[in-house]
Amino acid sequence: MSEERERADNDSPWKEILEAYFPQAMQFFFPQTAALINWERPYEFLDKEFQQIAREAELGRRYADKLVKVWQIQGEKIWLLIQVMILPKGLEAEFWQEFKQFEQERTMSYITTGERIGYERGKEEGQQEQAQTLVLRLLQKRVGELPQQIREQIQSLSLEQLEALGEALLDFSAIADLLNWLQTHQTVSAES
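Quick note: the sequence shown, position 168, residue 872 per our numbering, numbers continuous.
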């Protein structure tokens with residue numbers, strides 16, 4: 705079998721794969737270029753046009769080369785020339801393993817924007833609750849039992865204020881220090 709015929713036999717499946725998984729292949733191999741493509745508009749493989757160009761250039765027949773017309777996000781059409789090189793068996797196996805992993809990651813369920821916002825809020829609320837618990841425990845050890853009204857004031861502080869109070873309480877020796885801090889910092893936060 706001639707070398708060109710052998711190459712044709714090896715390249716044909718790659719051409720088919722490239723056509724079947726074009727968006728995924730672009731995102732896998734050329735993520736920056738894929739980000740510029742408007743995937744809402746149809747892309748078009750220009751096999752006949754490419755064969756004509758290749759013939760005119762006297763390059764001989766190219767089996768895994770593909771010419772594809774795509775549309776950029778800005779609305780301009782562009783042509784992509786893609787050449788696939790056949791890999792040795794060991795590298796081919798590595799490639800397929802990586803490609804399968806890429807596909808699995810792409811098909812995994814992603815969280816929506818609303819879910820992400822909810823997750824972030826929940827995370828912030830969790831941090832706030834942890835900060836409140838820690839500050840209240842440290843204050844109780846530092847200045848003694850806190851009246852309910854002061855506990856409620858501390859629970860109404862923002863995360864940033866709780867962090868500042870956590871640092872300041874190291875210098876407190878009495879509940880009066882805490883009251884002064886709360887009066888100073890709640891006045892400042894009410895003004896801003």
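Note that the Cβ used here is the ideal one computed from N, Cα and C, for glycine as well.
Is residue j closer than 8 Å to residue i when the C-beta atoms are compared?
i	j	result
K670	L750	A question about residue 670 goes unanswered here, because the residues of the chain that appear run from 705 up to 896.
I786	L740	no
Q731	A724	no
Q836	L866	yes
Q681	L863	Residue numbering for the chain in the displayed model covers 705 to 896; residue 681 lies beyond these limits and cannot be assessed.
L838	Q857	no
Can you tell me the Cβ-Cβ gap for residue i and residue j, rounded? I've got them flagged as a contact below 8 Å.
i	j	result
R846	F876	5 Å
Between the Cα of residue i and the Cα atoms of the options, which residue gives the shortest distance?
i	options	result
R745	K781, L863, P735	K781
K752	G822, K770, Y823	K770
L850	I821, A868, S860, L882	L882
Y747	W783, E829, R825	W783
V788	A868, I721, L874, Q857	I721
W775	E807, N742, A872	N742
Q859	G848, L840, K804	L840
R842	E871, G822, Q853, R820	Sequence inspection shows Leu at residue 842; the Arg mentioned does not correspond to that position. Nearest of E871, G822, Q853, R820 to L842, Cα basis: E871.
F806	Y823, P735, T888, G848	P735
F733	I821, G779, W800	W800
Any idea if residue i is buried or exposed, counting beta-carbon neighbours within 10 angstroms, 16 or more meaning buried?
i	result
A693	Since the first residue of the chain shown is 705 and the last is 896, residue 693 is not available in this structure.
A729	buried
F726	buried
L861	buried
W869	For the record, residue 869 in the displayed sequence is Leu; it is not Trp. Classification for L869: buried.
Reducing DSSP to helix, strand and coil, say where residue i ends up.
i	result
L886	helix
W783	strand
L771	strand
Y747	coil
I777	coil
L763	With a pLDDT of 48 at L763, under the threshold of 50, the modelled position of this residue cannot be trusted, and the question is left open.
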